[in-house]
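Peer 1: Below: one structure in structure tokens.
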Amino acid sequence: MAETYVLQPDYARFEDLLTPSEIAMRNRVRSFVQDRIQPRIADCWESGTFPFDIVPGLAALGVLDELPPVIAGLVAFELERADAGVRSLVSVHGHLAQAAIRLFGTPDQQARYLHRMARGEILGAFSLTEPLHGSDPSGLEVTARPVPGGFRLDGHKRWATNATHAGVTVVWARLVGGTDPDGAKGPRAIRGFLVDAGTPGFRPMAIHRKLSFRVSASSEIMFEGCFVPESNALPGAVGLGSALKCLNEARFGIVWGVAGAAQACFEEALEYSKSREQFGRPIGAFQLTQGKLAAMYGEVTQSMLLALHLGRLKERGALHHTDVSLGKMVNVRHALNVARTARTVLGAVGILDSAVSLRHAANLESELTYEGTDEVHQLVLGRKLTGLDAFRGE
Ligand code: TGC
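164 is the number that my numbering gives to position 136 of the sequence shown; each next residue is one higher, with no gaps.
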């Protein structure tokens with residue numbers, strides 16, 4: 029009789045495409061996630077809280093500092109295998125807040141913030157979205173009015189991850205008044221500012237009762253006469269394009285992160301299909317289940333390969349923001365398919381918090397929407413393919 033053997037999924041020998049140092053970093057992060065995060069993630073989800081005591085451990089791993097693109101991607105992948113909220117904390121801190129300071133800050137600002145952020149002494153947040161301005165941030169209404177020595181910020185922001193716990197928040201506001209010819213209406217009127225925790229008139233508040241991203245400090249922020257000194261205005265952060273440059277970095281992290289979530293769901297379903305018996309056989313022996321497993325395996329593998337390809341382009345400085353839109357749109361769709369399918373393999377067990385797939389599916393519903401909705405990325409690609417702008421009908 030032929031020997032029966034089971035191959036571990038190797039995702040088209042994905043690991044062969046990584047360097048030894050990339051594999052070493054991935055393994056270190058995977059161990060940390062398995063030991064320090066996985067055992068408590070269901071409780072964090074249930075209580076709707078982020079386990080902030082892991083931040084020093086994340087800093088010790090080096091993941092709160094700038095990393096080469098593929099390593100940063102692998103880190104996002106491993107963190108989101110645990111939960112998108114964990115990956116988001118690191119993405120917002122690094123890809124958005126640190127990136128803004130690195131790209132647009134003065135040497136003094138970089139010296140004041142970046143080292144402390146890399147060591148996890150302070151967290152970063154990033155605040156662009158407002159209650160009335162999500163997909164179209166060009167209309168944002170939070171104002172920055174020049175006053176002696178700096179600016180006064182007023183208005184209302186929403187959906188800023190980490191803001192309730194951040195030492196510094198990068199805030200995008202509309203310059204009004206003053207003598208600056210770019211003020212108020214011009215395309216260069218949107219500016220970036222660094223707002224320190226505890227600044228009078230800066231009031232971040234937690235958003236509660238979420239059905240997704242429960243392990244994430246989603247925040248709303250009120251600005252009421254919030255004084256920001258001139259030394260905290262980011263001189264290079266001029267115009268919406270500056271904010272969008274930072275979003276590219278975060279979207280790149282999502283391309284990788286959601287592939288990690290998809291892999292976690294697929295592997296959960298695969299294991300379960302081998303042990304769960306119905307009609308006298310493991311459910312993995314049924315053709316319908318094998319069809320689901322094969323389809324999930326294909327989607328996970330495609331996602332990983334696309335993420336890696338974009339990462340290698342980024343290393344060469346050849347990644348265009350429309351490539352990131354492609355990756356974000358495709359990989360979130362794959363991951364949602366995989367998470368939902370995995371839940372069907374798990375049956376009723378799949379609705380308990382001891383299983384991961386439905387939690388990932390709930391998070392992926394947010395990821396379909398944030399950092400550019402699926403629809404925004406479709407239209408970015410449509411504009412690239414046709415040369416016609418569906419956003420503004422020009
Ligand atoms: P558009 O005319 O296309 O562009 C204005 C300027 O920006 C440039 N640009 C980009 N640059 C870098 N990366 C990108 N992805 C870019 N997209 C556009 C563009 O070249 C232009 O530059 P310039 O020099 O010619 O002026 O702008 P538009 O107003 O037509 O809008 C285009 C659109 C819809 C694609 C853009 O507005 C968009 O991406 N909207 C989605 C916004 C979004 O993703 N929001 C989510 C933010 S997440 C959040 O706020 C929470 S923070 C994260 C957290 O805490 O979880």
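Don't be surprised by glycine CBs; every beta carbon is placed ideally from N, CA and C.
Output needed for A40: all residues of its chain with C-beta closer than 7 Å, excluding positions within five of it in sequence on either side, in chain order.
Peer 2: T329 and L333
Peer 1: Using a Cβ-Cβ cutoff of less than 6 Å, which residues in the same chain neighbour W284 once the five nearest sequence positions on both sides are dropped?
Peer 2: G101, A104, F105 and A335
Peer 1: Who are I65's beta bridge partners in DSSP?
Peer 2: DSSP output for I65 lists no bridge partner at all.
Peer 1: Identify, in the order they occur along the chain, each residue of the same chain with its Cβ nearer than 8 Å to the Cβ of M357, setting aside the five sequence neighbours on each side.
Peer 2: D402, H405, Q406 and L409
Peer 1: Report whether the distance from the Cβ of D417 to the nearest heavy atom of the ligand TGC is below 8 Å.
Peer 2: yes
Peer 1: Just how far apart, CA to CA, sit Q66 and L316?
Peer 2: In a straight line, the C-alpha of Q66 is about 30 Å away from that of L316.
Peer 1: Taking the continuous beta strand (DSSP E) assigned at G183, which residues delimit it?
Peer 2: G178 to R186
Peer 1: Look at the alpha carbon of T414 and the alpha carbon of A265, and state the distance between them as a whole number of angstroms.
Peer 2: Roughly 30 Å separates the two Cα atoms.
Peer 1: Straight-line CA distance for C254 to T192?
Peer 2: 16 Å
Peer 1: By Cβ distance, which residues of its chain are closer than 6 Å to L416, with the 5 residues on each side in sequence left out?
Peer 2: Within the same chain, L416 has no close Cβ partners at all.
Peer 1: Return the CA-CA distance between P79 and G308, expressed in angstroms with no decimal places.
Peer 2: 42 Å
Peer 1: What does the alpha-carbon distance come out to for the pair F251 and A383?
Peer 2: 40 Å
Peer 1: May I have the straight-line CA-CA distance separating A278 from T372, to the nearest angstrom?
Peer 2: Straight across, the Cα-Cα distance linking A278 with T372 is about 31 Å.
Peer 1: For R54, does the count of other Cβ atoms within 10 angstroms reach 16, so buried, or fall short, so exposed?
Peer 2: Residue burial is scored here from C-beta neighbours: R54 has at least 16 other C-beta atoms within 10 angstroms and is therefore classed as buried.
Peer 1: Taking all protein chains shown into account, do 16 or more other C-beta atoms lie within 10 angstroms of the C-beta of I311, making it buried, or fewer, making it exposed?
Peer 2: buried
Peer 1: Starting from S155, follow the beta strand (DSSP E) in both directions and report where the run begins and ends.
Peer 2: G152 to S155
Peer 1: Leaving aside the five residues before and after L156 along the sequence, list all residues of the same chain whose C-beta is less than 6 Å from its C-beta, in chain order.
Peer 2: P165, W200 and A271
Peer 1: Report the start-end ranges of each alpha helix (DSSP H) in the region 285-357 that is 4 residues or longer and not cut off at the edges.
Peer 2: 315-343
Peer 1: Tell me the residue span of the alpha helix (DSSP H) that contains T397.
Peer 2: S385 to T397 is the extent of the alpha helix (DSSP H) around T397.
Peer 1: Nearest-angstrom Cα distance between F121 and A194?
Peer 2: Before going further, note that residue 121 is His rather than Phe in the sequence given. Near 9 Å, if we compare the C-alpha coordinates of A194 and H121.
Peer 1: Taking the straight line between their C-alpha atoms, what separation do you get for A290 and A367?
Peer 2: 6 Å
Peer 1: For N276 and chain D, any beta-carbon pair shorter than 9 Å?
Peer 2: The structure shown has no chain D; it contains just one protein chain.
Peer 1: Just to confirm before moving on: does the CB-CB distance between A70 and R387 stay below 9 Å?
Peer 2: Note that the C-beta distance between A70 and R387 is below 9 Å.
Peer 1: Thinking C-beta only, is G267 closer than 9 Å to I425?
Peer 2: Lying outside 29 to 422, the shown extent of the chain, residue 425 is not represented and no answer is given.
Peer 1: Might you give, ordered along the chain, the residues of its own chain that have their beta carbon closer than 6 Å to the beta carbon of L203, omitting 5 neighbours on each side?
Peer 2: A172, G211, A217 and R219
Peer 1: Return the first residue and the last residue of the beta strand (DSSP E) that E27 is part of.
Peer 2: Missing from the structure shown is residue 27; the chain here goes from 29 to 422 and no further.
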